[in-house]
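Heads up, the sequence shown is in the numbering used here, so the first residue is 39 and it goes up one at a time.
Quick reminder that beta carbons are idealized off the backbone N, C-alpha and C, glycines included.
Computed from a predicted structure; not experimentally measured.
Take a look at the structure below.
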Amino acid sequence: MLKRTMVTLATAVLGLSALAAAPAQAAPVAQADLPTGCVTWIEWLHNGPNSHYYGLGKVQCDTGTYQAKVVCLDVQSGVGYVAYSNYTVDAPMVAAAACNPGNVAQSVHVVPA
């Protein structure tokens with residue numbers, strides 16, 4: 039009896055841990071909604087007469103609705119972070135996201151809306 043209870047308990051625990059370990063699935067994005075023909079680039083920002091930093095990420099696509107995501111680096115602390123554009127745009131408009139003043143943009147990415 040004790041052996042059967044232990045087997046049942048072990049099976050239940052292992053089953054629950056397998057469920058807890060399964061990653062959550064994100065809702066799939068339809069292929070027709072994905073932006074195509076996208077170009078990304080980084081520009082200098084001018085924040086006052088003596089403050090210039092390489093921190094403005096821009097995205098332009100041929101089709102779709104999207105935002106810009108820029109990966110930034112705080113040059114004083116060495117900590118990275120992500121900034122998103124404030125607005126979603128439709129192609130062929132340009133979406134832009136800026137790093138905090140004085141921080142450096144490392145890469146720019148398209149975020150489908």
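Practice problem: Would you tell me roughly how many angstroms separate the C-alpha atoms of G75 and D128, rounded to the nearest one? | Solution: 13 Å
Quiz item: Between which two residues does the beta strand (DSSP E) carrying A134 extend?
Solution: V132 to A136
Quiz prompt | Which of helix, strand or coil DSSP assigns to D112 | solution = coil
Quiz item: Just reading off the beta strand (DSSP E) that Y122 is part of, what are its end residues?
Solution: G118 to Y122
Exercise. Drop a sphere of 10 angstroms on the beta-carbon of N24, count the other beta-carbons inside from all chains shown, and report buried for 16 or more, exposed for fewer.
Key: Given a span of 39 to 151 for the chain in the structure shown, any question on residue 24 remains unanswerable.
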